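So the sequences go chain by chain: A, B and C.
Residue 76 in my numbering sits at position 76 of the first sequence; the count goes up by one each step and never skips.
Residue 553 in my numbering sits at position 223 of the second sequence; the count goes up by one each step and never skips.
Residue 743 in my numbering sits at position 128 of the third sequence; the count goes up by one each step and never skips.
All C-beta atoms in this analysis are idealised placements derived from N, C-alpha and C, irrespective of residue type, glycine included.
Predicted model only: the values in this text are computed from it and were never measured.
The block underneath contains the structure these notes are about, expressed in structure tokens.
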Amino acid sequence: MALLSVQNLRAYYRTEVYGISRIVRAVDGVSLELQRNEIYGLAGESSCGKTTLIKVISGTIKPPLRVEEGKVHYQFGSFEIDMLHISPEDLRRNVRWKEISYIMQGSMSVLNPVRRVITTFYDIVTTHQGYTDRKAFLGQVRAHISKLGLPPDVLNLYPHQLSGGMRQRVAIALATIFQPSLIIADEPTTALDVVVQRGVLQMLKEIQAESNNTVLLVTHDLAVHANVADRVAIMYAGRIVEEAPTSLIFNAPRHPYTQHLIRSLPMIGDRSSRASLPGAPPNLANPPGGCRFHPRCPHVMDICRVEVPEMMTLPGNQRVACHLLAEGRR
Amino acid sequence: MWKVTRDLFKYDGRFRIATVFLLAVLILAILSAVSPYDPGKTFKVPQDLPPSWGHPFGTSSRGQDVFWWMTFAVRNSLFLGLVTAAVSRLIAIFVGLTAGYRGGLVDRVLMSINDSFVVMPVLPILILLSFLLRGQLSLLMLAFIMGLFGWPWDARLIRAQVLSLKERAFTRTAVYSGTGSLKITLDEHLPFVLPVVFATTVNNMLWSIGMEVTLSVLGLSNVTLATIGTTIFWANQHQALVAGVWWWLAAPVIIAIILFLGLYLLFSSVNEYIDPRTRLRLIGG
Amino acid sequence: MRNFLLRYLIPRLGQYFMVIFLGVTLTFIIPRLSPNDPVERQINQMTMSGAHVNPEAVMHLREALTEMYGLRGSPFQQYLAYWGRLLRGDLGPSLSTFPTPVMDLIAGALPWTIGLLLTAVLISWFVGNLFGALASYYPDNPLMRLIDVASQAVRPIPYYVMALVMLILFAYIVPIFPFSGAYPVGTRVQLTPQFILTVLKHSALPALSLVVIGMGSWFIGMKSLTSNIISEDYVVYAENAGLSERKILFSYIIRNALLPQITGLALQLGLIFNGALIMEVVFGYPGMGMLTLQAVMANDYSLIMGIAIFSIIGVATSVLILDLIYPLFDPRVRHQ
Numbered sequence: 001m002a003l004l005s006v007q008n009l010r011a012y013y014r015t016e017v018y019g020i021s022r023i024v025r026a027v028d029g030v031s032l033e034l035q036r037n038e039i040y041g042l043a044g045e046s047s048c049g050k051t052t053l054i055k056v057i058s059g060t061i062k063p064p065l066r067v068e069e070g071k072v073h074y075q076f077g078s079f080e081i082d083m084l085h086i087s088p089e090d091l092r093r094n095v096r097w098k099e100i101s102y103i104m105q106g107s108m109s110v111l112n113p114v115r116r117v118i119t120t121f122y123d124i125v126t127t128h129q130g131y132t133d134r135k136a137f138l139g140q141v142r143a144h145i146s147k148l149g150l151p152p153d154v155l156n157l158y159p160h161q162l163s164g165g166m167r168q169r170v171a172i173a174l175a176t177i178f179q180p181s182l183i184i185a186d187e188p189t190t191a192l193d194v195v196v197q198r199g200v201l202q203m204l205k206e207i208q209a210e211s212n213n214t215v216l217l218v219t220h221d222l223a224v225h226a227n228v229a230d231r232v233a234i235m236y237a238g239r240i241v242e243e244a245p246t247s248l249i250f251n252a253p254r255h256p257y258t259q260h261l262i263r264s265l266p267m268i269g270d271r272s273s274r275a276s277l278p279g280a281p282p283n284l285a286n287p288p289g290g291c292r293f294h295p296r297c298p299h300v301m302d303i304c305r306v307e308v309p310e311m312m313t314l315p316g317n318q319r320v321a322c323h324l325l326a327e328g329r330r
Numbered sequence: 331m332w333k334v335t336r337d338l339f340k341y342d343g344r345f346r347i348a349t350v351f352l353l354a355v356l357i358l359a360i361l362s363a364v365s366p367y368d369p370g371k372t373f374k375v376p377q378d379l380p381p382s383w384g385h386p387f388g389t390s391s392r393g394q395d396v397f398w399w400m401t402f403a404v405r406n407s408l409f410l411g412l413v414t415a416a417v418s419r420l421i422a423i424f425v426g427l428t429a430g431y432r433g434g435l436v437d438r439v440l441m442s443i444n445d446s447f448v449v450m451p452v453l454p455i456l457i458l459l460s461f462l463l464r465g466q467l468s469l470l471m472l473a474f475i476m477g478l479f480g481w482p483w484d485a486r487l488i489r490a491q492v493l494s495l496k497e498r499a500f501t502r503t504a505v506y507s508g509t510g511s512l513k514i515t516l517d518e519h520l521p522f523v524l525p526v527v528f529a530t531t532v533n534n535m536l537w538s539i540g541m542e543v544t545l546s547v548l549g550l551s552n553v554t555l556a557t558i559g560t561t562i563f564w565a566n567q568h569q570a571l572v573a574g575v576w577w578w579l580a581a582p583v584i585i586a587i588i589l590f591l592g593l594y595l596l597f598s599s600v601n602e603y604i605d606p607r608t609r610l611r612l613i614g615g
Numbered sequence: 616m617r618n619f620l621l622r623y624l625i626p627r628l629g630q631y632f633m634v635i636f637l638g639v640t641l642t643f644i645i646p647r648l649s650p651n652d653p654v655e656r657q658i659n660q661m662t663m664s665g666a667h668v669n670p671e672a673v674m675h676l677r678e679a680l681t682e683m684y685g686l687r688g689s690p691f692q693q694y695l696a697y698w699g700r701l702l703r704g705d706l707g708p709s710l711s712t713f714p715t716p717v718m719d720l721i722a723g724a725l726p727w728t729i730g731l732l733l734t735a736v737l738i739s740w741f742v743g744n745l746f747g748a749l750a751s752y753y754p755d756n757p758l759m760r761l762i763d764v765a766s767q768a769v770r771p772i773p774y775y776v777m778a779l780v781m782l783i784l785f786a787y788i789v790p791i792f793p794f795s796g797a798y799p800v801g802t803r804v805q806l807t808p809q810f811i812l813t814v815l816k817h818s819a820l821p822a823l824s825l826v827v828i829g830m831g832s833w834f835i836g837m838k839s840l841t842s843n844i845i846s847e848d849y850v851v852y853a854e855n856a857g858l859s860e861r862k863i864l865f866s867y868i869i870r871n872a873l874l875p876q877i878t879g880l881a882l883q884l885g886l887i888f889n890g891a892l893i894m895e896v897v898f899g900y901p902g903m904g905m906l907t908l909q910a911v912m913a914n915d916y917s918l919i920m921g922i923a924i925f926s927i928i929g930v931a932t933s934v935l936i937l938d939l940i941y942p943l944f945d946p947r948v949r950h951q
């Protein structure tokens, strides 16, 4: 049984300003399953709906975002939950941080600027564990951060006194203090420089290896996925176009969009220039019909303009949504 | 411009109320042109009559028709507000643009003076000034003097706007393509600065008309002239409330509230419209 | 620590002296730009009221007044002398209650104004900010919507008109509060519980008027600040982490949104002080505002000068105190 299964999920933003109403179809028919003990990578350009998908998965849906259709189902060890119908109080008490924790995009500013690091730990620990005495609490936090290789003095500092990498490590330490079943990491290394990135990713990998939980790693950076993820899904304009084990997706991509992404990666020793794709990602308020990639696809056919391609499962656990496969031409 | 006004009117309740209120006040001011009474003359009508068809706002203890007197009062107060706003806008735009574009030492010195004016209590200084000039202070002079004190808040806003414009990509593009800085300012930046200037104009009128009320109530303006403030001054002089001539005080108070609410709602409606976050929602961010 | 001094403390002190320098210079220049010679004006006023004044006495008076107004010597010498007297705390004698020093009159009025202002500002700041944050956090709450509409309606009304409306409503139509003054005429000023109660009852209406207007503006400011803070990463993170609503609202949202409101208080203090002066005039409350009205009525030039200078220094000092308190609330300023 998968840890998380998402079925045919549609989540739209509906806004109305000065009489102009808009529907942004940020997530439009996404299905995926996360297994226990894996690092699942989710890739895609900015504003392809990755962040919206995470919001729904983590149960932080707020207007103008609305789920129109679909299922988000979790199976934690002994109990299961339906994320779209759980009561907020139940979610807060039993799921958040104990089962699902979150490392945010822009983690640089996830720490309250007027609170010391230790106070943020205190807020989170007392919320989910009840009030413990000060000494036991300090012991617990010190043990946790020293296991992650963080110096104990960070606890007494304010966020602005920490470096970017250190802040991200603190965020990871906060997210893992209760050993949750699922850690959602949204662009965890985007704002960091390369050397620090390596350290942070290493830390994430070690934590996963040790506690055998699931990590949903979201980033547009394919190099990160290549290094860390077990499986990778590629998102384009609100839909998943391809999903496969990491080595398969990098060595034998099937969807034209994935192929383009992989081809545009820099390779050591390869000096040929990279072909760029014509056009830009579609505006999700007014996406093209049929396959959303068709206006930019080098292999576009008539059917692509009218019909949304079905997700097909190929050998080797590879899933692709493209009419080319049905045509059998590739 | 027309489209913006129409959109605001259609979708923003505040803007609708503001339009109705301000139109009412404006019509009142325009009516002063056909007034049968000269506001400078007293005892033209019977004293202390309550509101009736002949005298919609009643008559005062000075034998004046309160309705027609108010038409002049509103006209003069609006005039004062507009002149003050014009004078202080000139200073605010000059200081804001200079500080924003020059930057460095010029910016620091100007902003330091600016902030000093922001925290300084202007009222005692204005009282001192109008006290010394008592009797010789025409409406235009008063407007001018208030204009000299009414700019610092808005200079800061304009400066902030310029600073953000300077960082935008299109400015860089224009600079690298060799466009002169004056041309950039006029062609590219003015359209962004003008809405801010408009919003601050409305806010500044609120401030100056309110200040005039205060100075008049203290008897420090030219009380022979009809303004919202001097109306209250005369009503107080004749102890209108104690004498039961409540309409003499009610008329300026109610009209002032309508005028101030109208101006404020217009300000906040326009302010929200020019707020970049609203714009972002409009174009779909 | 050095950084804190250089980046925070010294600029604030510089600003403080700048305000006082500009303000004092303005009060020095304004009378000298005015077409009226204050000495002649004063003499005219005295000779007009008195029946017979001999020319020699007028000469003496002119000498004395020129001395008193600091009109001797070149403008620069006058300016230096002006500063000299100010630094000694000498604002000269009041003309209408000669020879009581202006300083004594101000000292008598000041505690009333400070008491009124402090109470009104503290109440309106706390309540306005609390409600503003709540209104933004619970946008569908009908009570908060009502306060929102009321704040929008009250905020633009000038202090004077507001005071008048409050006076008519609560002392004239529904007489719950006394009409004017801080205590009934003839009461002895003393520190008995009874007297304090009387003063509180009399101060309620002016304070309430100040609170209502102040609350409206803090409410509106806080509402928009909070709506910005709500989408800050650390708030979204705290929600994801499952912290309780109370904790998020108070320790994460309000705690951070209040910081700009402290600075806002420092910036608004001049305006609020103006408002308090007007309130006092309307309600006949014996503070700086009433003193100003008396000075205007009695043509007391030196008293008005003194009030203007004192107001500038007083407000600037309060702003400085707020600036000095601010780092206690913002660790980013404290540990740079």
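Run through the DSSP bridge pairs and tell me what residue i is partnered with.
i: residue 214 of chain A; result: A:182
i: residue 75 of chain A; result: A:80
i: residue 234 of chain A; result: A:43, A:242
i: residue 89 of chain A; result: According to DSSP, which records beta bridges pairwise, residue 89 of chain A is partnered with nothing at all.
i: residue 314 of chain A; result: A:318
i: residue 371 of chain A; result: This structure cannot speak to residue 371 of chain A, because chain A is shown only from 1 to 330.
Is residue i helix, strand or coil by DSSP?
i: residue 265 of chain A; result: coil
i: residue 568 of chain B; result: coil
i: residue 708 of chain C; result: strand
i: residue 240 of chain A; result: strand
i: residue 618 of chain C; result: helix
i: residue 25 of chain A; result: strand
i: residue 8 of chain A; result: strand
i: residue 949 of chain C; result: helix
i: residue 805 of chain C; result: coil
i: residue 905 of chain C; result: helix
i: residue 854 of chain C; result: helix
i: residue 518 of chain B; result: helix
i: residue 716 of chain C; result: strand
i: residue 649 of chain C; result: coil
i: residue 730 of chain C; result: helix
i: residue 31 of chain A; result: strand
i: residue 899 of chain C; result: coil
With distances taken between CB atoms, is the gap from residue i to residue j smaller than 9 Å?
i: residue 49 of chain A; j: residue 30 of chain A; result: yes
i: residue 118 of chain A; j: residue 59 of chain A; result: no
i: residue 213 of chain A; j: residue 870 of chain C; result: no
i: residue 558 of chain B; j: residue 404 of chain B; result: yes
i: residue 590 of chain B; j: residue 772 of chain C; result: yes
i: residue 252 of chain A; j: residue 319 of chain A; result: no
i: residue 553 of chain B; j: residue 565 of chain B; result: no
i: residue 711 of chain C; j: residue 913 of chain C; result: yes
With a 10 Å radius around its C-beta and 16 neighbouring C-beta atoms as the bar for buried, classify residue i as buried or exposed.
i: residue 539 of chain B; result: buried
i: residue 519 of chain B; result: buried
i: residue 400 of chain B; result: buried
i: residue 640 of chain C; result: exposed
List, from N- to C-terminal side, the beta strand (DSSP E) runs of 3 residues or more that fit wholly inside the region 95-120 of chain A. Within the region 95-120 of chain A, the complete beta strand (DSSP E) segments of 3 residues or longer fall at 100-103, listed in chain order.
Could you give the uninterrupted runs of the alpha helix (DSSP H) lying entirely in the region 523-589 of chain B, keeping only those of 4 residues or more? Within the region 523-589 of chain B, the complete alpha helix (DSSP H) runs of at least 4 residues fall at 558-567, 570-573.
I'd like the ranges of any alpha helix (DSSP H) spanning at least 4 consecutive residues and lying wholly in the region 331-411 of chain B. Counting only runs of 4 or more residues that sit fully inside the region 331-411 of chain B, the alpha helix (DSSP H) segments are 332-341, 343-361, in chain order.
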